[in-house]
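Notes follow the structure.
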Amino acid sequence: MKTEDLDNTNSALRKLIAYIVKGASKASRYVKILQPENSAPEIKLRILDNSIFVPGSGPPQFGFRRTDVNPVIDRTTTLSGTTTWYQTIRLASDAPLVLEHGYLLASIEGPTGDHVFDIFCGSDFDAKNYEHKPSSNSKTIRVRDWTTKTLLELPLVYDQSYNFAVTVDWDKNTLTVYSSIGTDPLKMASGPTANDPKAMSPDIRQKGEYHIQLIKFPLADKKTPADKTWDTPHYGFQ
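Under our numbering, the final residue of the sequence shown carries the number 266; numbering is consecutive throughout.
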(Lines of atoms letter the chains of each structure in order from A and count residues from 1; the text may use other names and numbers.)
(Lines give C-alpha, C1' and ligand atoms only; values in the text may rest on other atoms or scores of the structure.)
Protein backbone atom coordinates (compact mmCIF):
# COMPACT_ATOMS: atom_id res chain seq x y z
CA MET A 1 0.00 0.00 0.00
CA LYS A 2 1.26 3.44 -0.95
CA THR A 3 -0.03 6.96 -0.34
CA GLU A 4 -0.56 7.56 -4.06
CA ASP A 5 -2.98 4.61 -4.12
CA LEU A 6 -5.43 6.83 -2.23
CA ASP A 7 -5.89 8.93 -5.37
CA ASN A 8 -6.60 5.91 -7.58
CA THR A 9 -10.19 4.75 -7.10
CA ASN A 10 -9.31 1.45 -8.82
CA SER A 11 -6.44 0.59 -6.46
CA ALA A 12 -6.65 -2.30 -4.02
CA LEU A 13 -6.34 0.17 -1.14
CA ARG A 14 -9.26 2.33 -2.26
CA LYS A 15 -11.44 -0.77 -2.56
CA LEU A 16 -11.03 -1.15 1.22
CA ILE A 17 -12.29 2.41 1.78
CA ALA A 18 -15.96 3.30 1.43
CA TYR A 19 -15.35 7.05 1.45
CA ILE A 20 -12.78 9.71 2.32
CA VAL A 21 -14.28 12.87 3.82
CA LYS A 22 -11.90 15.70 2.99
CA GLY A 23 -11.37 19.17 1.58
CA ALA A 24 -11.19 20.06 -2.09
CA SER A 25 -7.66 18.72 -2.73
CA LYS A 26 -6.87 15.13 -3.64
CA ALA A 27 -6.97 12.50 -0.90
CA SER A 28 -3.19 12.15 -0.61
CA ARG A 29 -3.01 15.79 0.49
CA TYR A 30 -4.77 14.87 3.75
CA VAL A 31 -4.06 11.15 4.24
CA LYS A 32 -0.71 9.36 4.20
CA ILE A 33 0.16 5.67 4.32
CA LEU A 34 3.21 5.01 6.50
CA GLN A 35 5.13 1.74 6.57
CA PRO A 36 7.23 1.53 9.76
CA GLU A 37 9.96 -1.10 9.73
CA ASN A 38 8.79 -4.46 11.12
CA SER A 39 5.30 -3.12 11.75
CA ALA A 40 1.90 -2.94 10.13
CA PRO A 41 1.04 -0.01 7.84
CA GLU A 42 -0.28 3.13 9.51
CA ILE A 43 -2.73 5.79 8.34
CA LYS A 44 -1.72 9.38 9.06
CA LEU A 45 -4.48 12.00 8.95
CA ARG A 46 -4.04 15.74 8.86
CA ILE A 47 -6.28 18.76 8.54
CA LEU A 48 -5.47 21.99 6.72
CA ASP A 49 -7.15 25.37 6.41
CA ASN A 50 -8.99 24.04 3.35
CA SER A 51 -10.15 20.83 5.08
CA ILE A 52 -13.76 21.89 4.56
CA PHE A 53 -16.09 19.12 3.49
CA VAL A 54 -18.93 19.89 1.07
CA PRO A 55 -21.61 17.15 1.22
CA GLY A 56 -23.29 16.39 -2.07
CA SER A 57 -26.69 17.51 -0.81
CA GLY A 58 -25.72 20.18 1.73
CA PRO A 59 -23.79 23.39 2.36
CA PRO A 60 -20.04 23.50 3.11
CA GLN A 61 -19.13 22.51 6.67
CA PHE A 62 -17.35 25.74 7.57
CA GLY A 63 -17.59 24.96 11.31
CA PHE A 64 -15.36 21.88 11.04
CA ARG A 65 -11.93 21.14 9.70
CA ARG A 66 -12.03 17.44 8.99
CA THR A 67 -10.48 14.39 7.38
CA ASP A 68 -12.24 11.03 7.72
CA VAL A 69 -11.44 7.61 6.34
CA ASN A 70 -14.48 5.32 6.33
CA PRO A 71 -13.39 1.68 5.88
CA VAL A 72 -15.67 -0.70 4.03
CA ILE A 73 -17.61 -2.76 6.58
CA ASP A 74 -20.25 -5.46 6.31
CA ARG A 75 -23.02 -3.83 8.34
CA THR A 76 -24.95 -7.09 8.65
CA THR A 77 -22.17 -8.78 10.63
CA THR A 78 -20.27 -5.86 12.20
CA LEU A 79 -23.30 -3.97 13.51
CA SER A 80 -25.04 -6.96 15.09
CA GLY A 81 -24.34 -9.57 17.74
CA THR A 82 -21.18 -8.66 19.67
CA THR A 83 -18.35 -6.89 17.87
CA THR A 84 -15.07 -5.36 19.04
CA TRP A 85 -13.50 -2.33 17.39
CA TYR A 86 -9.72 -1.98 17.69
CA GLN A 87 -7.77 1.20 17.07
CA THR A 88 -4.34 2.55 17.95
CA ILE A 89 -4.03 6.34 18.00
CA ARG A 90 -0.85 8.40 18.20
CA LEU A 91 -0.85 12.22 18.28
CA ALA A 92 2.17 13.80 16.60
CA SER A 93 4.18 16.32 18.61
CA ASP A 94 5.17 18.14 15.40
CA ALA A 95 1.50 19.02 14.85
CA PRO A 96 0.26 19.95 18.36
CA LEU A 97 -3.45 20.35 18.91
CA VAL A 98 -5.08 23.61 19.94
CA LEU A 99 -6.79 22.26 23.04
CA GLU A 100 -9.35 25.05 23.31
CA HIS A 101 -10.93 23.10 20.46
CA GLY A 102 -12.25 19.55 20.60
CA TYR A 103 -11.04 16.79 18.25
CA LEU A 104 -13.00 13.71 17.22
CA LEU A 105 -10.63 10.80 16.52
CA ALA A 106 -12.85 7.78 15.87
CA SER A 107 -16.51 6.78 15.98
CA ILE A 108 -19.31 4.53 14.87
CA GLU A 109 -21.71 7.08 13.43
CA GLY A 110 -25.37 6.53 12.65
CA PRO A 111 -27.41 8.24 9.91
CA THR A 112 -28.45 10.91 12.45
CA GLY A 113 -24.83 11.94 13.03
CA ASP A 114 -24.90 10.57 16.59
CA HIS A 115 -22.26 8.09 17.75
CA VAL A 116 -22.72 4.64 19.23
CA PHE A 117 -19.32 5.42 20.77
CA ASP A 118 -16.48 7.75 19.95
CA ILE A 119 -12.91 8.67 20.91
CA PHE A 120 -12.37 12.37 21.59
CA CYS A 121 -9.74 14.74 22.94
CA GLY A 122 -9.40 18.44 23.67
CA SER A 123 -12.21 20.65 24.96
CA ASP A 124 -15.89 19.78 25.03
CA PHE A 125 -17.87 22.22 22.89
CA ASP A 126 -19.81 24.81 24.91
CA ALA A 127 -22.12 27.05 22.87
CA LYS A 128 -21.84 29.81 25.51
CA ASN A 129 -18.07 29.69 26.00
CA TYR A 130 -17.45 32.98 24.21
CA GLU A 131 -14.14 33.50 26.03
CA HIS A 132 -12.90 30.25 24.46
CA LYS A 133 -11.48 28.84 27.67
CA PRO A 134 -10.38 25.18 27.51
CA SER A 135 -12.57 22.73 29.39
CA SER A 136 -11.15 21.07 32.50
CA ASN A 137 -10.63 17.78 30.63
CA SER A 138 -8.96 19.32 27.57
CA LYS A 139 -5.63 17.56 28.16
CA THR A 140 -7.17 14.09 28.02
CA ILE A 141 -8.18 11.52 25.42
CA ARG A 142 -11.59 9.98 26.13
CA VAL A 143 -13.85 7.13 25.07
CA ARG A 144 -17.50 8.26 25.20
CA ASP A 145 -20.95 6.74 24.79
CA TRP A 146 -23.97 7.92 22.76
CA THR A 147 -24.65 10.79 25.18
CA THR A 148 -20.92 11.76 25.22
CA LYS A 149 -20.57 10.44 28.78
CA THR A 150 -16.94 9.55 29.40
CA LEU A 151 -16.27 5.82 29.86
CA LEU A 152 -12.46 6.10 29.93
CA GLU A 153 -10.20 9.13 30.31
CA LEU A 154 -6.41 9.11 29.86
CA PRO A 155 -3.82 11.92 30.00
CA LEU A 156 -3.00 13.32 26.56
CA VAL A 157 0.64 12.63 25.70
CA TYR A 158 2.13 13.23 22.26
CA ASP A 159 4.00 10.52 20.32
CA GLN A 160 2.50 7.83 22.57
CA SER A 161 0.52 4.91 21.17
CA TYR A 162 -2.93 4.57 22.73
CA ASN A 163 -4.49 1.17 22.08
CA PHE A 164 -8.26 0.93 22.37
CA ALA A 165 -10.75 -1.88 21.95
CA VAL A 166 -14.45 -1.14 22.35
CA THR A 167 -16.84 -4.09 22.49
CA VAL A 168 -20.39 -3.33 21.43
CA ASP A 169 -23.08 -5.80 22.45
CA TRP A 170 -25.78 -4.93 19.92
CA ASP A 171 -28.35 -7.14 21.67
CA LYS A 172 -27.81 -5.96 25.26
CA ASN A 173 -26.87 -2.40 24.19
CA THR A 174 -23.69 -2.26 26.27
CA LEU A 175 -20.17 -0.94 25.76
CA THR A 176 -17.00 -2.45 27.24
CA VAL A 177 -13.74 -0.54 26.89
CA TYR A 178 -10.22 -1.99 26.92
CA SER A 179 -7.01 0.01 26.64
CA SER A 180 -3.23 -0.05 26.91
CA ILE A 181 -0.21 2.09 26.12
CA GLY A 182 2.56 1.19 23.69
CA THR A 183 3.18 -2.55 23.49
CA ASP A 184 1.41 -3.39 26.75
CA PRO A 185 -1.47 -5.88 26.48
CA LEU A 186 -5.02 -4.59 26.50
CA LYS A 187 -6.84 -4.57 29.84
CA MET A 188 -10.48 -3.93 30.62
CA ALA A 189 -10.94 -0.28 31.61
CA SER A 190 -14.71 0.04 31.97
CA GLY A 191 -17.97 -1.79 31.47
CA PRO A 192 -20.03 -3.45 30.37
CA THR A 193 -21.91 -0.13 30.56
CA ALA A 194 -25.46 0.39 29.31
CA ASN A 195 -25.63 2.72 26.32
CA ASP A 196 -28.50 5.09 25.55
CA PRO A 197 -31.54 3.22 24.10
CA LYS A 198 -31.39 5.49 21.03
CA ALA A 199 -28.19 3.70 20.00
CA MET A 200 -30.22 0.57 19.27
CA SER A 201 -33.16 2.18 17.49
CA PRO A 202 -34.18 0.75 14.08
CA ASP A 203 -32.84 3.93 12.46
CA ILE A 204 -29.34 3.14 13.76
CA ARG A 205 -28.90 -0.63 13.90
CA GLN A 206 -26.99 -2.01 10.92
CA LYS A 207 -26.89 1.45 9.34
CA GLY A 208 -23.78 2.95 10.91
CA GLU A 209 -20.36 3.87 9.54
CA TYR A 210 -16.95 3.31 11.10
CA HIS A 211 -14.88 6.50 11.03
CA ILE A 212 -11.12 6.83 11.44
CA GLN A 213 -11.03 10.59 11.63
CA LEU A 214 -9.64 13.92 12.67
CA ILE A 215 -12.37 16.52 13.11
CA LYS A 216 -11.50 19.83 14.72
CA PHE A 217 -14.57 21.34 16.39
CA PRO A 218 -15.24 25.08 16.32
CA LEU A 219 -15.31 27.60 19.15
CA ALA A 220 -18.51 29.40 20.15
CA ASP A 221 -19.43 32.54 18.20
CA LYS A 222 -21.82 35.17 19.61
CA LYS A 223 -22.98 35.93 16.08
CA THR A 224 -24.34 32.43 15.54
CA PRO A 225 -28.17 32.44 15.31
CA ALA A 226 -29.79 31.15 18.51
CA ASP A 227 -31.30 28.14 16.75
CA LYS A 228 -27.92 27.17 15.24
CA THR A 229 -25.63 27.34 18.29
CA TRP A 230 -25.20 23.55 18.37
CA ASP A 231 -24.85 23.22 14.60
CA THR A 232 -21.11 22.77 14.96
CA PRO A 233 -20.48 21.50 11.41
CA HIS A 234 -21.63 24.82 9.95
CA TYR A 235 -21.13 27.54 12.59
CA GLY A 236 -18.46 28.79 14.99
CA PHE A 237 -14.84 29.99 14.96
CA GLN A 238 -11.93 28.00 13.63
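No residue lacks a Cβ here, since even glycine has one placed at the ideal position from N, Cα and C.
Using a Cβ-Cβ cutoff of less than 6 Å, which residues in the same chain neighbour I48 once the five nearest sequence positions on both sides are dropped? Apart from sequence neighbours up to five positions away, the residues of its chain that approach I48 with a beta-carbon distance below 6 Å are A55, V97, ordered along the chain.
Host alpha helix (DSSP H) of R233 (start-end): Careful: R233 lies outside any alpha helix (DSSP H) and carries neither H nor E.
Rounded to whole angstroms, what is the Cα-Cα separation between F245 and D146? 14 Å
Only counting runs of 4 or more residues, tell me where the alpha helix (DSSP H) segments fall wholly within the segment 65-142, in order along the chain. 103-106
On the premise that S135 lies in contact with H129, defined as a C-beta separation below 8 Å, what is that separation, rounded to the nearest angstrom? So it is not a contact: roughly 17 Å between Cβ atoms.
Can you tell me whether DSSP reads L184 as helix, strand or coil? coil
W258 classed as buried or exposed, judged by whether at least 16 other C-beta atoms fall within 10 angstroms: So W258 ends up on the exposed side.
Look at D197 and T110 and say whether their C-beta atoms are less than 9 Å apart. yes
Extent of the continuous beta strand (DSSP E) run through E237: 237-244
Applying the 10 Å Cβ sphere with the 16-neighbour rule, what's the burial state of E137? buried
Validate contact between the segment 210-221 and the segment 185-200 using beta carbons, cut 8 Å, 3 pairs: yes
By DSSP's criteria, A222 is part of a beta bridge. Which residues make up the other side? T202
In chain order, what residues of the same chain lie with their CB nearer than 8 Å to the CB of P69, ignoring the 5 residues before and after it? If we look at P69 and ignore the five residues flanking it on each side, its Cβ neighbours are M29, I61, L62, Q63.
Tell me where the beta strand (DSSP E) around L62 begins and ends. 59-62
Which whole-angstrom value is the C-beta distance of S108 and Q241, which I expect to be below 8 Å? About 23 Å separates the Cβ atoms of S108 and Q241, ruling out a contact at the 8 Å cut-off.
With distances taken between CB atoms, is the gap from L119 to P162 smaller than 9 Å? No, they are not a contact pair.
Take H160 and list the residues in its own chain whose beta-carbon comes closer than 6 Å to its own, dropping the five residues that flank it on each side. E128, L247
Cβ atoms of T202 and N223: under 9 Å apart, would you say? yes
Just grab the DSSP bridge partners of T29 for me. It is worth fixing the name first, because residue 29 is Met in this sequence and not Thr. Residue pairing by DSSP places M29 in no beta bridge whatsoever.
Does V100 get closer than 9 Å to chain D when you measure Cβ to Cβ? Absent from the structure is chain D; it holds one protein chain and no more.
On a CA-only basis, which of L214, C149, A155 is nearest L182? Give me that one, please. The shortest C-alpha separation from L182 is found at C149.
Residues that DSSP places opposite F265 in a beta bridge: DSSP output for F265 lists L247 as bridge partner(s).
If you drop the 5 nearest sequence neighbours on each side, which residues of the same chain put their C-beta closer than 6 Å to that of W113? V194
Anticipated Cβ contact below 8 Å, P261 with F92, distance rounded: 5 Å
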